[in-house]
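By the UniProt record's numbering, the letter at position 733 of the sequence shown is numbered 733, and the numbering carries on one by one without gaps. The beta-carbon is built from N, C-alpha and C at its ideal position, and this holds for glycine as well. Everything on this sheet refers to the single structure shown next.
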Amino acid sequence: MHLPVIVVTIGVAYAAIKQTAESHRFLVAAPEKNGHRHLMQYYTRATATSPEIDREYGVVAAFDMSSEAIFGPYIPEWVGQKQVVATTAGIENRDGEEYFLVQQDFQTLAQCNLLDANGQLTQEANDRAIHIGNRYPVLKRRGANDNKGRKLRMLFYIGTYDNETGEANLIGEDYDEVGDSDPTVVVSDVTEIKYDAPMASFESNVTPILLQISILNLGNSILSDEYNKDDSLLERRDVTKDAVRRGEAPNEKVVLERRTLSGFQKMAATEENPPELSEDVKRRRDLVLRNLQEALGTDKLVKQLSTEGKVPHVYWGTATTGRPHVGYLVPMRKIADFLHAGLKVTILWADLHAFLDNMKSTWELLENRVIYYENIVKSLLQSLDVPIEQLHFVRGTQYQLSKEYTFDLLRLTTQVSQRDALKAGAEVVKQVDSPLLSGLLYPLLQALDEQYLKVDGQFGGVDQRKIFILAEEQLPKLKLGKRWHLMNPMVPGLTGSKMSSSEENSKIDLLDDNSTVERKIQGAYCPREGDDNGVLAFYNYVLLPAFAPNAFNIGNKDYFEFSELKTDFVEGRISEEQLKEPLVNFLNDLLEKVQKRCDNDMVREAVEKGYQQVPARVVKIPERPEISLNEEETKKLENALKGEAEVVGGEDYALRAALKKNKISVLYALHAKGKFHLGYLMPLLRIKEWADLGLNLEITILVSEMEGFLDEEKLPWNAREARVNLFIQILEGLVKKLGLEGKAKVLPATALSGYFSSDYVLDMYKLASSVTRDESSICEGSALSGSLVSLIYSLNARLVNADVLISGKDELDKNKLLIKLMASLGCCPPTQICVETLSGCDGKKMTASNPDFLLDFTDTPKQIKTKIARSFCEPENLTGNVAMEYSKMFVFPLLQGKALQISRSEENGGNLSIQNYDSMENEFVKGSKPGFPLHPGDLKNAVTQHINEFFDSTKAEFVKLDPKLLTAAFPTNKGKKK
1 MHLPVIVVTI GVAYAAIKQT AESHRFLVAA PEKNGHRHLM QYYTRATATS
51 PEIDREYGVV AAFDMSSEAI FGPYIPEWVG QKQVVATTAG IENRDGEEYF
101 LVQQDFQTLA QCNLLDANGQ LTQEANDRAI HIGNRYPVLK RRGANDNKGR
151 KLRMLFYIGT YDNETGEANL IGEDYDEVGD SDPTVVVSDV TEIKYDAPMA
201 SFESNVTPIL LQISILNLGN SILSDEYNKD DSLLERRDVT KDAVRRGEAP
251 NEKVVLERRT LSGFQKMAAT EENPPELSED VKRRRDLVLR NLQEALGTDK
301 LVKQLSTEGK VPHVYWGTAT TGRPHVGYLV PMRKIADFLH AGLKVTILWA
351 DLHAFLDNMK STWELLENRV IYYENIVKSL LQSLDVPIEQ LHFVRGTQYQ
401 LSKEYTFDLL RLTTQVSQRD ALKAGAEVVK QVDSPLLSGL LYPLLQALDE
451 QYLKVDGQFG GVDQRKIFIL AEEQLPKLKL GKRWHLMNPM VPGLTGSKMS
501 SSEENSKIDL LDDNSTVERK IQGAYCPREG DDNGVLAFYN YVLLPAFAPN
551 AFNIGNKDYF EFSELKTDFV EGRISEEQLK EPLVNFLNDL LEKVQKRCDN
601 DMVREAVEKG YQQVPARVVK IPERPEISLN EEETKKLENA LKGEAEVVGG
651 EDYALRAALK KNKISVLYAL HAKGKFHLGY LMPLLRIKEW ADLGLNLEIT
701 ILVSEMEGFL DEEKLPWNAR EARVNLFIQI LEGLVKKLGL EGKAKVLPAT
751 ALSGYFSSDY VLDMYKLASS VTRDESSICE GSALSGSLVS LIYSLNARLV
801 NADVLISGKD ELDKNKLLIK LMASLGCCPP TQICVETLSG CDGKKMTASN
851 PDFLLDFTDT PKQIKTKIAR SFCEPENLTG NVAMEYSKMF VFPLLQGKAL
901 QISRSEENGG NLSIQNYDSM ENEFVKGSKP GFPLHPGDLK NAVTQHINEF
951 FDSTKAEFVK LDPKLLTAAF PTNKGKKK
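Following this line, the structure appears as structure tokens:
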């Protein structure tokens with residue numbers, strides 16, 4: 001059972017409740033001095049319009065989770081200036097991204113203790129203070145624009161402040177976005193702090209807004225009451241639907257009685273302290289937490305231990321890349337503690353990680369290693385007299401290759417930057433200048449495992465800390481919850497470094513004989529000073545806990561505590577030999593039991609097959625026979641590649657082979673990133689040229705949603721199906737309009753056989769293991785997701801298996817990478833032909849990122865005319881001339897040899913009949929009639945007329961756009977990601 005989350009609403013805003021020690025929580029609201037205005041909207045307005053505002057007041061209260069008692073509210077005592085916030089704005093460039101910065105200083109709300117040593121309320125002031133404030137609003141393209149097109153998002157912090165040190169400690173955070181017409185604020189999970197919350201005194205001229213408070217399980221539903229200052233009900237709102245919209249199911253709701261200010265004070269004065277933990281809960285808690293270097297979220301753990309019928313579930317994962325050694329006794333000793341404390345323990349064998357580890361293992365080898373690992377771990381725990389009824393084993397490939405898991409991973413990559421992913425894996429992934437992309441994905445997989453293993457917490461070494469922090473910060477953003485995390489210290493090996501299966505002298509194999517164990521222990525590094533004494537570390541983390549609560553005897557003295565043992569050794573009262581001899585005996589006794597349990601044919605066969613020498617996996621591209629084209633085929637090849645098209649990498653083998661077969665399969669892949677615009681027609685017009693030349697074509701037009709989502713979420717997750725269906729409708733109409741019916745089929749990527757199957761996902765990880773971060777960084781933005789675009793693009797191309805892949809030249813980097821990626825899978829790449837891209841009306845590439853300058857299929861004729869009219873078109877100047885470009889790339893190709901008729905008055909030179917684009921250039925620069933070159937206005941009118949006729953006739957004859965589909969495909973952005 002998870003801790004409930006409590007939410008206070010003012011209007012329709014949410015303010016998160018932040019947890020402190022002893023199960024108290026803050027709720028934060030911000031009534032205005034002379035009216036109603038909620039905190040998030042208030043700060044947003046201040047940022048967007050005015051750097052200085054009138055004085056504001058906050059209401060702070062604490063909520064006891066166990067007794068359901070409210071302490072407070074307390075009207076804060078503001079200090080400092082009358083102006084609450086001084087806003088300073090500036091522009092900063094970080095990693096190539098432009099940020100609009102808004103800095104607001106933390107403001108003091110109170111300087112009093114909430115509880116004394118007995119848990120009673122007190123008025124004694126100390127140097128702690130609650131603060132509300134915000135730091136930098138984060139990323140570009142998150143929320144509404146400022147007046148210069150930059151994006152703003154306000155990130156709010158609630159925390160404590162130490163006046164002595166000047167340090168602010170974050171309790172929690174929340175955010176709202178500038179210009180948000182739906183001011184619902186995402187509920188943040190809580191962060192533990194180590195001291196009690198302050199309370200504050202009243203100011204005489206302040207009256208708080210009184211609120212209805214609802215207790216929610218997981219923040220799923222809420223009933224909001226807002227009252228006037230005269231205690232009359234202003235508004236009641238059932239905002240359960242808002243919670244459902246966030247992807248959460250409604251749950252049981254308990255509504256507390258609304259209290260007046262005096263009622264709050266009376267309640268706070270008479271409420272009993274929360275109940276003490278039982279001795280059994282304390283014992284189990286201490287057992288779980290002993291000998292850890294760090295624990296995060298222990299409040300949740302203790303709550304679960306205290307809940308009748310709840311069995312907390314923890315997991316520990318390891319990659320089956322080597323042989324288990326006695327270093328495994330350190331995590332096994334903690335797992336023994338978990339099992340003794342009644343926890344359910346899942347051990348994850350990360351076989352997918354092991355398979356991808358430099359591609360050194362086969363699935364058969366890993367299958368046998370898992371068998372060996374499972375038997376060894378069970379034998380270890382049973383030899384330590386640990387109950388294993390609650391011990392479970394799972395292999396990563398049982399769920400990590402599923403579509404559901406992969407989709408959540410892809411969603412997670414849009415939330416995490418390359419830099420943050422690299423930082424999270426810094427302690428566990430080899431650090432190089434440009435790491436493999438797979439190394440950036442591993443921390444995200446480990447975080448996501450928590451959700452799919454259905455655990456309450458994760459256990460690992462302290463080297464996993466940054467991954468645990470990433471999980472705590474990122475999973476709640478996807479509504480996947482927040483878990484507690486337990487961390488063991490890193491224990492030195494026998495040489496003084498970290499014990500590793502790759503360092504023979506640093507490890508003792510669990511199958512080593514007695515003499516080998518003794519030799520390695522006697523030769524172990526054992527200094528009296530320093531922290532690299534592996535022998536002492538074993539006493540601390542394995543041997544003494546195994547004997548507890550009994551003593552362990554060394555040199556005729558009983559030791560209960562490691563600190564006493566260490567002191568005696570450091571000060572010379574115990575010799576190195578006296579320290580090592582009991583350890584040798586302990587390990588040999590233990591390993592004899594383990595080896596006896598593993599002395600069976602199944603384990604012997606698993607060891608033999610799991611650790612045999614296997615040849616390195618070498619991916620080979622099939623040999624391709626020489627192709628000799630005859631004269632007719634050569635001419636077709638030249639015609640197919642004429643003009644300004646570019647063959648990527650000079651790789652035209654697939655096209656030549658197809659010409660030899662007299663059948664060419666062509667793939668045109670679109671990613672549906674924005675509105676369907678004229679630029680999408682350029683590859684289609686080249687395909688039409690090929691068809692008109694008599695080439696025997698089999699055309700696949702693929703609308704793929706995932707690349708659009710991964711590229712900075714230009715295609716929102718919840719709009720994927722509608723956007724793809726809209727593109728398909730338009731493309732099917734264009735196929736008919738261009739006379740390609742019967743030759744071309746339009747498909748969604750989801751219709752491809754094998755799309756996001758387990759084999760597809762495994763190949764995605766293989767590609768990620770073959771390409772570096774820098775090689776895959778072909779998209780704008782810093783999100784890790786952009787590096788996956790080429791992988792999905794290449795895998796889809798392989799599924800279609802076309803001879804020719806056609807795209808715009810703006811896809812050139814992605815197409816070059818495709819050649820390498822396909823080679824890494826042992827596939828021959830298609831011939832990739834890149835055609836010229838069409839400019840928008842601003843002269844730059846036509847793109848969904850600049851909607852004001854693209855020619856959208858849904859634009860009205862008037863809108864098309866207005867956009868073209870404001871494009872650059874200087875008389876007698878061809879450079880950057882947008883209208884001339886449209887005539888060259890769109891108008892004349894569609895005329896197919898017919899003359900372009902341009903109407904002009906007689907005084908302006910009369911009508912023109914222009915046969916081709918070369919003649920058009922001559923008419924515009926010089927004019928066939930001296931003194932009457934083609935005027936920009938006449939040129940734009942002619943181009944506008946042809947584009948509108950094409951769009952209008954296509955929509956009238958072939959494409960019937962459904963307004964509901966348009967709305968679903970392009971949902972209104974209310975300031976938050978959908």
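Check                                                                                                                                                      : Outcome
Determine the DSSP secondary structure at residue 711, reduced to helix, strand or coil.                                                                   : coil
Which one or two residues does DSSP pair with residue 559 in a beta bridge?                                                                                : 552
Near residue 443, what residues of its chain come up, given a Cβ to Cβ distance below 7 Å and the 5 sequence neighbours on each side ignored?              : 421, 424, 425, 467, 470
Under a Cβ-count criterion, where at least 16 other Cβ atoms within 10 Å of its own Cβ denotes burial, should residue 349 be classed as buried or exposed? : buried
I need the DSSP call for residue 650, collapsed to helix, strand or coil.                                                                                  : helix
Per DSSP, what are the beta-bridge partners of residue 294 in this structure?                                                                              : 487
Between residue 331 and residue 385, what straight-line distance do the alpha-carbon atoms span, to the nearest angstrom?                                  : 16 Å
Flag this pair as yes or no: are the beta carbons of residue 478 and residue 395 separated by less than 7 Å?                                               : no
For the pair the region 361-369 and the region 564-576, tell me if three or more CB-CB distances fall below 8 Å.                                           : no
Between residue 557 and the ligand NAP, is there a pair consisting of the residue's CB and a ligand heavy atom that are separated by less than 6 Å?        : The ligand content of the structure shown is nil, which means the ligand NAP is not present either.
Taking residue 961 as the reference, which of 289, 523, 334, 732 has the closest Cα?                                                                       : 732
Is the CB-CB distance between residue 344 and residue 377 below 7 Å?                                                                                       : no
Which value, in whole angstroms, describes the spacing of the CA atoms of residue 879 and residue 846?                                                     : 17 Å
Determine, using beta carbons only, whether residue 416 and residue 854 come nearer to each other than 7 Å.                                                : no
Do residue 518 and residue 594 have their beta-carbon atoms positioned less than 7 Å apart in this structure?                                              : no
Any idea if residue 675 is buried or exposed, counting beta-carbon neighbours within 10 angstroms, 16 or more meaning buried?                              : buried
Just mark residue 286 as buried or exposed, buried being the case when its beta carbon has 16 or more other beta carbons within 10 Å.                      : exposed
Can you tell me whether residue 434 is buried or exposed, with buried defined as 16 or more other CB within 10 angstroms of its CB?                        : exposed
Mapping DSSP to helix, strand and coil, what is residue 340?                                                                                               : helix
According to DSSP, residue 828 sits in a beta bridge with which residue or residues?                                                                       : Paired residue(s): none; residue 828 is not in a bridge.
If we count the other Cβ atoms within 10 Å of its Cβ and call it buried at 16 or more, is residue 621 buried or exposed?                                   : exposed
Using beta-carbon positions only, say whether residue 508 and residue 326 come within less than 7 Å of one another.                                        : yes
Out of 557, 543, 705, 958, which one is the CA nearest neighbour of residue 755?                                                                           : 705
Quick check on the DSSP output: the alpha helix (DSSP H) that includes residue 594 runs from which residue to which?                                       : 576-597
Mind checking residue 596: buried by the 16 CB within 10 Å criterion, or exposed?                                                                          : exposed
Identify which residue in 548, 541, 568 has its Cα closest to the Cα of residue 554.                                                                       : 568
Measuring alpha carbon to alpha carbon, tell me which of 917, 902, 918 ends up nearest residue 911.                                                        : 902
Hey, how far is the Cα of residue 198 from the Cα of residue 571?                                                                                          : Note that residue 198 has pLDDT 30, beneath the 50 cutoff, so the model's placement of it is unreliable and the number below is only indicative. So the two alpha carbons sit approximately 46 Å from each other.
For the beta strand (DSSP E) containing residue 384, list its first residue and its last residue.                                                          : Taken as a continuous stretch (DSSP letters only), residue 384 belongs to no beta strand (DSSP E), as it is neither H nor E.
So which of 933, 917, 720, 918 has the shortest CA-CA distance to residue 924?                                                                             : 933
Within its chain, find whatever has a CB closer than 6 Å to the CB of residue 771; leave out the 5 residues flanking it on each side and keep chain order. : 437
Express the C-alpha separation of residue 546 and residue 276 in angstroms, rounding to a whole number.                                                    : 29 Å
Mind checking if residue 301 is an interface residue toward chain B, Cβ cutoff 7 Å exclusive?                                                              : Looking for chain B here will not work: only one protein chain is present.
Any idea if residue 796 is buried or exposed, counting beta-carbon neighbours within 10 angstroms, 16 or more meaning buried?                              : buried
Locate the alpha helix (DSSP H) running through residue 690, then write down its first and last residues.                                                  : 681-692
Go through its chain and collect everything with a Cβ distance to residue 558's Cβ below 6 Å, but skip five positions before and after it.                 : 551
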